[in-house]
Amino acid sequence: METDLILTDRREGYRVITLNRPDRLNSFNEAMHAALMAALLDAEADTDCRALIITGAGRGFCAGQDLSDRVFSPGQAPDLSSTLERLYNPLVRKLRELQMPVVCAVNGVAAGAGANIALACDIVLAARSAKFIQAFAKLGLVPDSGGTWFLPRLVGSARARALALLAELVAAEQAEAWGMIWKAVDDASLMDEAHRLAAHFATQPTIGLGLIKQALDASQTNDLSQQLDLERDLQGRAGRTPDYMEGVMAFFEKRQPKFTGKA
Numbered sequence: 172m173e174t175d176l177i178l179t180d181r182r183e184g185y186r187v188i189t190l191n192r193p194d195r196l197n198s199f200n201e202a203m204h205a206a207l208m209a210a211l212l213d214a215e216a217d218t219d220c221r222a223l224i225i226t227g228a229g230r231g232f233c234a235g236q237d238l239s240d241r242v243f244s245p246g247q248a249p250d251l252s253s254t255l256e257r258l259y260n261p262l263v264r265k266l267r268e269l270q271m272p273v274v275c276a277v278n279g280v281a282a283g284a285g286a287n288i289a290l291a292c293d294i295v296l297a298a299r300s301a302k303f304i305q306a307f308a309k310l311g312l313v314p315d316s317g318g319t320w321f322l323p324r325l326v327g328s329a330r331a332r333a334l335a336l337l338a339e340l341v342a343a344e345q346a347e348a349w350g351m352i353w354k355a356v357d358d359a360s361l362m363d364e365a366h367r368l369a370a371h372f373a374t375q376p377t378i379g380l381g382l383i384k385q386a387l388d389a390s391q392t393n394d395l396s397q398q399l400d401l402e403r404d405l406q407g408r409a410g411r412t413p414d415y416m417e418g419v420m421a422f423f424e425k426r427q428p429k430f431t432g433k434a
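Residues are numbered in the working numbering as their position in the sequence shown, beginning at 1, plus a constant of 171.
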């Protein structure tokens, strides 16, 4: 029986969540889905947690779906729609709606749903040895877990189509050059950089950062007038937070602000 499929390391102001099936390249089975969602919900409920790092144990980030978890009888057609509706779609939605920054540290391969779960995070760092692949076409499937939404917005239509149809590997430095991820870093520096970002976010105005995430996501479908209205409404909420007042006072007093991230 598998245990500790997800590891949680609590740091000051943030948490590190590690996918922990290294013998299977951290591919997803139902138990790991449940454990990851529980870890995300627990972090979300912790008012002292103001940022997350998500990474993988061993030599890979996540190889997507564990195909051995989808055993079915000859002639039986699996219901992959149900798998997405129950497991992957709620996971991607939760990652996007978390009101704190989520840093993904991609160590090694990120394939299929594993690649798209990484892209669902706010800031993606990748070791220079890491690779991304939309492996779905090799199995006659459609990119899921948000792949057909994230890719065109990150790399453009032409590259998204080629990546989805050809299922070719993209090295970390190429992913950075294309704007698929934030930054490629030396393998030995990956977690140090991830911790540096998370520790920074743990000192920042968390509510305001969450509102920034909302605004950026909404801009993908809003027209300009709708986005201006949303900015107005979100700015009104941000301006009523204690962190805004602290930021203003710190500016005038020429000191570093002490944000609490609290409402």
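Note that beta-carbon positions come from the ideal geometry of N, C-alpha and C, so glycine has one too. No experiment lies behind these values; they were computed from the predicted model shown.
Could you check what DSSP says for M172 in three-state terms: helix, strand or coil?
Interpretation of M172 is limited by its pLDDT of 39, a score under 50 that renders its predicted location unreliable; no figure is taken from the coordinates.
Let me see if you follow: with CB-CB separation under 8 Å, is A355 close to chain B or not?
Of the protein chains in the structure, only one exists, and it is not chain B.
Return the chain-ordered list of same chain residues with a C-beta closer than 7 Å to the C-beta of C292, the five sequence neighbours on each side being excluded.
I225, L266, V273, V274 and C275
So, does the segment 367-380 touch the segment 315-334, judging by three or more C-beta pairs under 8 Å?
no
Cβ-Cβ distance between R299 and E344 below 8 Å
Yes, the pair counts as a contact, with Cβ atoms nearer than the cut-off.
Three-state secondary structure assigned by DSSP to T226
Strand.
Residues of its chain near A331, where Cβ-Cβ distance is below 7 Å and the 5 sequence neighbours each way are ignored
L322 and P323
Alpha-carbon to alpha-carbon, T392 and A228:
The alpha-carbon atoms of A228 and T392 are separated by roughly 36 Å.
For A386 and T431, the rounded distance between their alpha carbons:
22 Å
Please report how far the alpha carbon of R403 lies from the alpha carbon of R230, in whole angstroms.
Roughly 45 Å between the two C-alpha positions.
List in chain order: all unbroken alpha helix (DSSP H) runs of 4+ residues lying wholly within the segment 371-405.
377-389
In DSSP terms, what I352 is bridged to:
Its beta-bridge partners do not exist; DSSP assigns none.
Is the distance from the Cβ of V326 to the Cβ of M351 below 8 Å?
For V326 and M351, yes; Cβs fall inside 8 Å.
Alpha carbon to alpha carbon, what distance is there between V419 and S239?
55 Å
Starting from the Cα of L212, find the closest Cα among A409, E201 and R186 and give me that residue.
R186
Please classify F422 as buried or exposed, where buried requires at least 16 other C-beta atoms within 10 Å of its C-beta.
exposed
Are V341 and L296 close, meaning C-beta to C-beta below 8 Å?
no
How long is the line joining the alpha carbons of T179 and A282, rounded to whole angstroms?
23 Å
In angstroms, rounded to a whole number, what distance separates the CA positions of R426 and D315?
47 Å
Assign Q305 to one of two classes, buried (16 or more other C-beta atoms within 10 Å of its C-beta) or exposed (fewer than that).
buried
Tell me, please, which residues DSSP counts as bridged to Y185.
R182
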